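Numbering (the working numbering), first residue to last: 139 to 538.
Structure, as structure tokens:
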Amino acid sequence: MNPDAPLPAARLFGGSSDTADSPTLQNSIAPFLPLAIPDHELIRLIGRGSYGQVWLAKNAVGTLRAIKVVYRATFEKAEHFEREFKGLQKFEPISRSHDGFVDILQLGRNDEAGCFYYVMELADGAEMTKSEFRIPKEAQNPNSEAAGAPETIRVSGFGLPSSFDIRHSDLYTPRTLRDDLRARGHLPLTECLSIGAKLAVALEHLHAQGLVHRDIKPSNIIFVNGEPKLADIGLVTAIDEARSLVGTVGYIPPEGPGAAQADIYSLGKVLYEIAIGKDRQDFPQLPPDLQTQPDHTGLLELNEILLKACHHDPRQRYTNAAAMQGDLDRLRGGKSVRRAHQVERRWSAVRRGATWAGYAVFVVTLIGFASRVTRKTSTRELARRRNTSRPRLRRTRILR
Numbered sequence: 139m140n141p142d143a144p145l146p147a148a149r150l151f152g153g154s155s156d157t158a159d160s161p162t163l164q165n166s167i168a169p170f171l172p173l174a175i176p177d178h179e180l181i182r183l184i185g186r187g188s189y190g191q192v193w194l195a196k197n198a199v200g201t202l203r204a205i206k207v208v209y210r211a212t213f214e215k216a217e218h219f220e221r222e223f224k225g226l227q228k229f230e231p232i233s234r235s236h237d238g239f240v241d242i243l244q245l246g247r248n249d250e251a252g253c254f255y256y257v258m259e260l261a262d263g264a265e266m267t268k269s270e271f272r273i274p275k276e277a278q279n280p281n282s283e284a285a286g287a288p289e290t291i292r293v294s295g296f297g298l299p300s301s302f303d304i305r306h307s308d309l310y311t312p313r314t315l316r317d318d319l320r321a322r323g324h325l326p327l328t329e330c331l332s333i334g335a336k337l338a339v340a341l342e343h344l345h346a347q348g349l350v351h352r353d354i355k356p357s358n359i360i361f362v363n364g365e366p367k368l369a370d371i372g373l374v375t376a377i378d379e380a381r382s383l384v385g386t387v388g389y390i391p392p393e394g395p396g397a398a399q400a401d402i403y404s405l406g407k408v409l410y411e412i413a414i415g416k417d418r419q420d421f422p423q424l425p426p427d428l429q430t431q432p433d434h435t436g437l438l439e440l441n442e443i444l445l446k447a448c449h450h451d452p453r454q455r456y457t458n459a460a461a462m463q464g465d466l467d468r469l470r471g472g473k474s475v476r477r478a479h480q481v482e483r484r485w486s487a488v489r490r491g492a493t494w495a496g497y498a499v500f501v502v503t504l505i506g507f508a509s510r511v512t513r514k515t516s517t518r519e520l521a522r523r524r525n526t527s528r529p530r531l532r533r534t535r536i537l538r
């Protein structure tokens with residue numbers, strides 16, 4: 139089973155998925171033929187997601203792009219299709235304002251075909267082992283200088299041949315964080331901290347625009363020129379419009395998605411997987427051999443961040459992504475996050491104690507003030523009665 143398979147509810151409300159082997163998904167999308175995209179040539183299908191297909195394409199000047207086509211017919215209700223399109227409309231201009239987002243270069247709609255599409259920058263190619271590398275029969279050897287030259291191809295760091303015409307190959311698949319995790323088991327601590335800090339900055343920028351991602355997971359984080367970016371933005375929506383239960387099991391907080399702190403929770407689970415090497419459902423378990431790992435001290439420091447980011451009580455989590463990014467950078471700088479959190483907890487306890495002490499002083503002062511007022515009032519009332527009784531005594535004496 140795909141570890142990033144979304145909730146069934148996500149399929150009702152536009153959740154993203156990379157479950158290409160899902161019978162339901164294949165049956166719902168397979169009948170759709172390639173769409174004519176203005177100024178682009180669709181080359182071949184390179185992926186499937188909820189309600190759509192991802193195509194390798196070439197624009198008018200020959201630049202390779204990725205294009206996702208989303209079909210209305212795959213949604214249970216038309217309003218859900220419209221909601222996803224509106225989310226993309228809001229995200230499209232923001233996508234190019236920060237390096238942590240996949241660039242949306244063009245957003246279009248074809249109501250006659252019953253779909254919308256968006257053009258994205260192309261991710262790096264996923265790394266492949268030599269056993270996985272092969273030369274497609276239809277591909278021409280780019281290194282040959284004469285007819286009959288041996289079919290040798292220079293291979294790049296990610297399994298793509300140098301100067302290779304990707305249009306005529308079936309080698310390319312986009313590199314995601316899930317691919318890295320699957321190939322390596324877990325990532326080095328320094329790499330995890332770098333990825334986490336960069337994505338936290340991107341989330342802070344997204345939340346500042348009043349939007350939430352709602353489906354952060356390893357397969358929705360791609361690499362472009364080696365840099366991590368938030369992708370598969372089909373569930374991006376305004377914070378005040380995030381009402382649906384969508385996302386992927388294990389990355390969704392107990393209270394559900396739709397808030398900025400829910401995105402922080404999801405990012406924490408991603409870091410848990412790539413740093414600890416365990417499934418997000420195992421959180422907060424640590425591997426039994428942690429103490430034997432060379433970077434175990436740093437991992438325990440990172441775990442302090444994860445425990446705060448993924449706390450079951452949202453009030454105990456980071457209040458914003460910038461705060462989480464600050465702790466990640468603190469750890470990257472060689473400082474102790476655990477010690478900093480201990481100091482924060484002590485100060486918090488002191489502040490709470492000072493607050494209760496202040497309340498107690500206030501109550502005592504209020505009681506004292508009320509007592510003085512009551513005594514003064516009683517004294518005045520007694521004096522008034524005495525003054526009132528004296529003329530009566532005088533009148534009684536005169537009558538006698």
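All C-beta atoms in this analysis are idealised placements derived from N, C-alpha and C, irrespective of residue type, glycine included.
All values derive from a computational prediction rather than experimental measurement.
ask   = How would you write the range of the beta strand (DSSP E) that Ser-254 sits in, first residue to last?
value = One detail in the question is off: residue 254 reads as Phe in this sequence, not Ser. Where Phe-254 is concerned, the enclosing beta strand (DSSP E) stretches over 253-258.
query = For Asp-467 versus Gly-364, is the C-beta distance shorter than 8 Å?
reply = No, they are not a contact pair.
ask   = For Glu-179, does the three-state DSSP call read helix, strand or coil?
value = strand
inquiry  = Less than 8 Å between the C-beta atoms of His-178 and Ala-204, yes or no?
reply    = no
ask   = By DSSP, does Pro-366 sit in helix, in strand, or in coil?
value = strand
query = Taking C-alpha atoms, which residue in Thr-212, Leu-337 and Ile-181 lies nearest to Tyr-189?
reply = Thr-212
ask   = Taking C-alpha atoms, which residue in Ser-357, Lys-336 and Asp-401 lies nearest to Val-374?
value = Asp-401
Nearest-angstrom Cα separation, counted from Leu-437 out to Val-370 = Looking at the sequence shown, residue 370 is not Val but Asp. Taking C-alpha positions only, Asp-370 is separated from Leu-437 by approximately 29 Å.
task = Can you say whether Pro-395 is buried or exposed, counting buried as having 16 or more other CB atoms within 10 angstroms of its CB?
result = buried
query = Can you tell me where the beta strand (DSSP E) with Tyr-209 in it begins and where it stops?
reply = 202-209
query = DSSP three-state call for Ile-354: helix, strand or coil?
reply = coil
message = On the CB-based measure, 16 or more other CB atoms within 10 Å of its CB, does Lys-446 come out buried or exposed?
response = buried
ask   = For Gln-399, which residues of its own chain have a beta-carbon under 6 Å away from its beta-carbon, when the five flanking residues on both sides are left out?
value = Pro-452 and Arg-455
ask   = From Ile-359, Glu-217, Tyr-403 and Glu-393, pick the residue whose C-alpha is nearest to that of Gly-238; which is it?
value = Ile-359
query = Would you report the Cα separation of Lys-407 and Val-502, rounded to the nearest angstrom?
reply = Roughly 48 Å between the two C-alpha positions.
ask   = Should Asp-262 be flagged as near chain B, meaning a C-beta pair shorter than 8 Å?
value = The structure shown contains no chain B; it is built from a single protein chain.
key: Whole-angstrom distance between Arg-470 and Ser-332, CA atom to CA atom   = 8 Å
ask   = Near Leu-226, which residues of its chain fall below 8 Å by C-beta distance, leaving aside the five closest residues on each side in sequence?
value = Ile-242, Leu-245, Phe-254, Tyr-256, Ile-371, Gly-372 and Val-374
inquiry  = Quick check: the Cα distance between Leu-334 and Ser-233, rounded to an integer number of angstroms?
reply    = The question names Leu, but residue 334 is Gly in the sequence shown. Those two C-alpha atoms are separated by around 19 Å.
message = According to DSSP, simplified to helix, strand and coil, what is Lys-416?
response = coil
ask   = Can you name, in chain order, every residue of its own chain whose Cβ lies under 6 Å from the Cβ of Gly-415, other than the five neighbours on each side?
value = Gly-323 and His-324
query = Out of curiosity, what's the CA-to-CA distance linking Glu-250 and Asp-465?
reply = 50 Å
inquiry  = Going by beta-carbon coordinates alone, are Lys-215 and Ala-376 separated by less than 8 Å?
reply    = no
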